[in-house]
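Novice:
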Amino acid sequence: MTRKTKRQQQVSKISRKKGRFISQDQVFVEELVTEEIETAEESEKWIENDIIEERMEGEAVEDWVDDETVENWTEENLKEFEEVGERLTTEVLCWHDGAAKSIRAVYTGNSRTTVWRKKNEKKRLSDDAKGMKTLDNFFKNTEIRSSETLHSLRSSPFPSSSPFPEITQNPLFSVDNLHKRLEEINQQCLITKSVKKNKELFTYDHLRRLSIRRFIQLLLDGQGKMDASNNIAQAVWNKGTYMATCIRKWGSHFIQTGELLVYRQGKHTKLWSLINDEDFKNECQVWLRQQTPESRSPTNLKKYIEETVFPKLTGHIKKETISEKTCRNYMHFWGYKYDEKKKGVYYDGHERPDVVEYRKEWLKRMFEYKKSMKDFDGDILDVVLEPQLKPEEKEIVQVTHDECHFYANDGQRKIWMKKDEDILRSKHIGRSIMVSAFLCPCHGLLQLSDEQLQVNPHIEHKEAVVLRSIQSDGYWKSEHMLDQLVHQAIPIFEILHPGCTGVFCFDQSTNHNAMAGDALVATKMNLSPGGKQPKMRDGWYINEYGEKCIQSMIFPDNHHLKGQPKGIKQVLKERNLWPIREIRLTCEQCSGKYDDVNLERVDCCARRIMSLQPDFCEQRSILEEAIIKAEHIFERYPKFHCECNFIERFWGFAKRETRRICSYNFADLMKRVPEVLVSVPITTIRKFARKSWRYMDAYDKGLEGRTAEWAVSKYKSHRRLPENIENLME
0 MTRKTKRQQQ VSKISRKKGR FISQDQVFVE ELVTEEIETA EESEKWIEND
50 IIEERMEGEA VEDWVDDETV ENWTEENLKE FEEVGERLTT EVLCWHDGAA
100 KSIRAVYTGN SRTTVWRKKN EKKRLSDDAK GMKTLDNFFK NTEIRSSETL
150 HSLRSSPFPS SSPFPEITQN PLFSVDNLHK RLEEINQQCL ITKSVKKNKE
200 LFTYDHLRRL SIRRFIQLLL DGQGKMDASN NIAQAVWNKG TYMATCIRKW
250 GSHFIQTGEL LVYRQGKHTK LWSLINDEDF KNECQVWLRQ QTPESRSPTN
300 LKKYIEETVF PKLTGHIKKE TISEKTCRNY MHFWGYKYDE KKKGVYYDGH
350 ERPDVVEYRK EWLKRMFEYK KSMKDFDGDI LDVVLEPQLK PEEKEIVQVT
400 HDECHFYAND GQRKIWMKKD EDILRSKHIG RSIMVSAFLC PCHGLLQLSD
450 EQLQVNPHIE HKEAVVLRSI QSDGYWKSEH MLDQLVHQAI PIFEILHPGC
500 TGVFCFDQST NHNAMAGDAL VATKMNLSPG GKQPKMRDGW YINEYGEKCI
550 QSMIFPDNHH LKGQPKGIKQ VLKERNLWPI REIRLTCEQC SGKYDDVNLE
600 RVDCCARRIM SLQPDFCEQR SILEEAIIKA EHIFERYPKF HCECNFIERF
650 WGFAKRETRR ICSYNFADLM KRVPEVLVSV PITTIRKFAR KSWRYMDAYD
700 KGLEGRTAEW AVSKYKSHRR LPENIENLME
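Using our numbering, you'd call the opening residue of the sequence shown number 0 and step up by one each time.
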């Protein structure tokens, strides 16, 4: 049997659907009812025939390429091919008049499933619309009198032909109400702008208020809600449709209620965080408090949480992980921040019991002195308020002292630089100048004018200021401090304030507390005689008969240890104060190993007993002895209370000016520092002094540390804090 060609196989596979493709012998003709139907069917027939002819021609070309060449065909193959082509053109491709009826109709969207779906959707919308007003309720009847039309035009900022009927009909959008809301939002914008320094809290709300204000202004100008909100979203926020929707929501809410719409984003989060766990929080915070500031970091916190906290709280041996960024966020949430260390109040020892006790007594004395001091008032503090003095009572003037170091390479911290510009500076702070100076609120720096210096030729120095270089002049010692006080500060003060008593205030540094070489100091004494202990001046005590007895601190000439200093044990035995039980020279509390010192202890060690004796308690430093000898008053600031000394702020002002004008070398520093010290305005110094008194006033009213700092900044416009400040803090 002869093999069929590819063309024969394709022809045999052509489908012959009933009523569509028929042979010539089976063609039948149906009479047409109208000419329109005949015309339509003829057009369909020609279109279909064209499609079939194109398809068959394409297949023939494709088969000609794929099949064997004609040269290899036999006569039998050629004859068979001609028969197939004749059959294809006469039988298969013949079109009859009813062939188009079997073609699938166009989908019109009225199937059973579609009808059922649309019916349910319509029912759902009807249920949701129950209780709502219909659209015609929002429009007035056009058949109204002309007087009503005129009244409606006067009561609305928009014409009757406005495309925004929801605005014209709502009484809240009337001209009067919009003007009222505009005034309210203007006030809120001014308040928000004044406190806009805290950007985390106020920037977003400030922009929302600005958007609402502009929204109301555009409504009053005749714009619709959509146009107004779109313009604001583009101009203020640089956003699109969603922000315009938010602006309309904010504006409508404010016009209706007069309040800013509450920001609810993130209020309903359902995520649980470790930071909400109290046990986890306590473990981490205890660890953070125990670390030094240098070792306190997110990296170390991450390591502690993974190795200690997670196994302790969960009981799992497997190491749980947490990211370093999460630990950094936890530290921010718990009040820590990564910042440059700056000078400020030292709070660790600020509220120590012994410091607080001394502060109370010191404040009583200072406020008693203040009753006899001048005060200053006015915008530039140039109005002098004289004190009310009793007969023969002297005026009191506060004089404060401190030392400060200026460094040659201590330049400006922040400077203007161009992009990619690199400025090289020395890593070392450079040579330093130590400045020791005295200030008073009346004259500022204690210094004499040229006329006063000529009238008083015995005064060796014009200013009570000493400048020393550690590299060339050595360290500043107590004898240098005493020389400046006796030969500069006191003589200049008595010329500037004749007939006044000075309260000379010093901090509690070792130089200012230095004693004379033979002073009665218990910490310099040994328990036994001899050894490395100084020969002290004679002391005294009250015997059992109430008599004051003078006691020598060295052995007499008839003793085998003649000329040697007595130890504490021998001195206490002579006073009948040595306890029966043996005691040590010093205990751990007296040696400074504990911060919480028991002030009531009296016999914990030998040095404690000796230091509580009246002659040792009355022992004064060399500075105090010199000031009392000059008939003035000596005072020490409490420990860790630099905020009470107004010269500290004077140093800050002077350093800032020096950084601005100095050229960062030692020679120029020696030239600039004296100029800067003299140039500080007296008004600035008086403001510094007034702020220090506000701190003292806060401590006197019972505030502590950070609360006092808050109160001083809160009531800085007043000279004194409120009397009920402690109740206000509660």
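Beta carbons are placed, not taken as given, at the ideal position from N, Cα and C, and that holds for glycine.
Note that the structure is a prediction, hence the values are computed from the model and not measured.
Please list, in chain order, all residues of the same chain as residue 553 whose beta carbon is under 7 Å from its beta carbon, the five residues on each side excluded.
Specialist: 534, 562, 563, 564, 565.
Novice: Drop a sphere of 10 angstroms on the beta-carbon of residue 107, count the other beta-carbons inside from all chains shown, and report buried for 16 or more, exposed for fewer.
Specialist: Residue 107 should be labelled exposed.
Novice: Can you give, in chain order, each stretch of the alpha helix (DSSP H) that sits fully within the stretch 542 to 610 and has at least 4 residues?
Specialist: Correct list: 567 to 573, 605 to 610.
Novice: Nearest to residue 691 by CA position, among 353, 712, 500, is which residue?
Specialist: Here the closest residue by C-alpha is 712.
Novice: Three or more C-beta pairs closer than 8 Å, one from the stretch 627 to 646 and one from the stretch 535 to 546: is that the case here?
Specialist: No, they do not touch.
Novice: DSSP three-state call for residue 382: helix, strand or coil?
Specialist: It is a strand residue.
Novice: Residue 500 and residue 400: beta carbons closer than 7 Å?
Specialist: Cβ atoms of residue 500 and residue 400: not closer than 7 Å.
Novice: At 3 residues or longer, what runs of the beta strand (DSSP E) sit wholly inside the stretch 599 to 672?
Specialist: Qualifying beta strand (DSSP E) stretches, in chain order: 632 to 635.
Novice: Quick check for students: name the residue ranges of the beta strand (DSSP E) that lie wholly in the stretch 471 to 545, counting only runs of 3 or more.
Specialist: Complete beta strand (DSSP E) runs here, min 3: 500 to 505, 538 to 541.
Novice: Between the alpha carbons of residue 532 and residue 468, how many angstroms are there, rounded?
Specialist: Computed Cα separation, rounded: 33 Å.
Novice: How big is the Cα-Cα spacing for residue 311 and residue 232?
Specialist: When rounded, the distance between both Cα atoms is 52 Å.
Novice: Give me the Cβ distance between residue 189 and residue 254, rounded to the nearest whole Å; I'm assuming they're in contact under 8 Å.
Specialist: Not really, about 19 Å apart at Cβ, beyond 8 Å.
Novice: When you compare only the Cα positions, how much space is there between residue 618 and residue 382?
Specialist: In a straight line, the C-alpha of residue 618 is about 41 Å away from that of residue 382.
Novice: With H, G and I counted as helix, E and B as strand and the rest as coil, what does DSSP make of residue 128?
Specialist: DSSP places residue 128 in coil when its eight states are reduced to three.
Novice: Can the beta-carbon of residue 355 be found less than 7 Å from the beta-carbon of residue 638?
Specialist: Not in contact: residue 355 and residue 638 (Cβ atoms no closer than 7 Å).
Novice: Is it buried or exposed, residue 428, if we count other Cβ atoms within 10 angstroms and call 16 or more buried?
Specialist: By the 10 Å Cβ count, residue 428 comes out exposed.
Novice: Which value, in whole angstroms, describes the spacing of the CA atoms of residue 710 and residue 699?
Specialist: The alpha-carbon atoms of residue 710 and residue 699 are separated by roughly 12 Å.
Novice: Return the CA-CA distance between residue 422 and residue 304, expressed in angstroms with no decimal places.
Specialist: The straight-line gap from Cα to Cα measures roughly 42 Å.
Novice: What residue range is occupied by the uninterrupted beta strand (DSSP E) comprising residue 399?
Specialist: First-last of the beta strand (DSSP E) with residue 399: 395 to 406.
Novice: Following the continuous beta strand (DSSP E) through residue 433, name the residue where it begins and the one where it ends.
Specialist: 431 to 439 is the span of the beta strand (DSSP E), which, as asked, contains residue 433.
Novice: Compare the beta carbon distance of residue 582 and residue 604 with 7 Å and say whether it is the shorter of the two.
Specialist: For residue 582 and residue 604, yes; Cβs fall inside 7 Å.
Novice: If I measure Cβ to Cβ from residue 286 and keep anything under 6 Å in the same chain, skipping five residues before and after, which residues do I get?
Specialist: Hits under 6 Å: 303.
Novice: Taking the continuous beta strand (DSSP E) assigned at residue 466, which residues delimit it?
Specialist: Start and end: 464 to 467.
Novice: Quick check: what's the CA-CA separation for residue 457 versus residue 443?
Specialist: When rounded, the distance between both Cα atoms is 22 Å.
Novice: Give me the Cα-Cα distance between residue 574 and residue 584, rounded to the nearest whole angstrom.
Specialist: Going from the Cα of residue 574 to the Cα of residue 584 covers about 17 Å.
Novice: Considering only the alpha carbon of each residue, which of 587, 602, 622, 571 lies closest to residue 614?
Specialist: Taking only the C-alpha atoms, the option nearest residue 614 is 571.
Novice: Indicate the three-state DSSP secondary structure (helix, strand or coil) for residue 704 in the structure shown.
Specialist: Helix, per DSSP.
Novice: Whose C-beta lies closer than 6 Å to the C-beta of residue 496 among residues of the same chain, with five residues either side of it excluded?
Specialist: If we look at residue 496 and ignore the five residues flanking it on each side, its Cβ neighbours are 396.
Novice: Within the same chain, show all residues whose beta-carbon is closer than 7 Å to that of residue 238, passing over the 5 residues directly before and after it, in chain order.
Specialist: Counting only Cβ-Cβ distances below 7 Å, and skipping sequence neighbours, we find 232.
Novice: With 16 other CB atoms within 10 Å as the buried threshold, where does residue 622 fall?
Specialist: Burial call: buried.
Novice: Can you tell which of 279, 519, 463, 491 has its C-alpha closest to the C-alpha of residue 479?
Specialist: It is 463 whose Cα lies nearest to the Cα of residue 479.
Novice: Under the DSSP definition of a beta bridge, which residues are partnered with residue 449?
Specialist: DSSP lists no partner for residue 449.
Novice: So the alpha helix (DSSP H) residue 375 belongs to, where does it begin and stop?
Specialist: Where residue 375 is concerned, there is no enclosing alpha helix (DSSP H), although the beta strand (DSSP E) it sits in stretches over 374 to 376.
Novice: Beta carbon of residue 610, beta carbon of residue 688: below 7 Å?
Specialist: It is not a contact, given that the beta carbons lie outside the stated cut-off.
Novice: Apply the 10 Å Cβ neighbour rule to residue 264 and answer buried if 16 or more other Cβ atoms are within range, or exposed otherwise.
Specialist: The residue is exposed, with fewer than 16 neighbouring Cβ atoms inside 10 Å.
Novice: By how many angstroms is the C-alpha of residue 289 removed from the C-alpha of residue 664?
Specialist: Approximately 42 Å between the Cα atoms of the pair.
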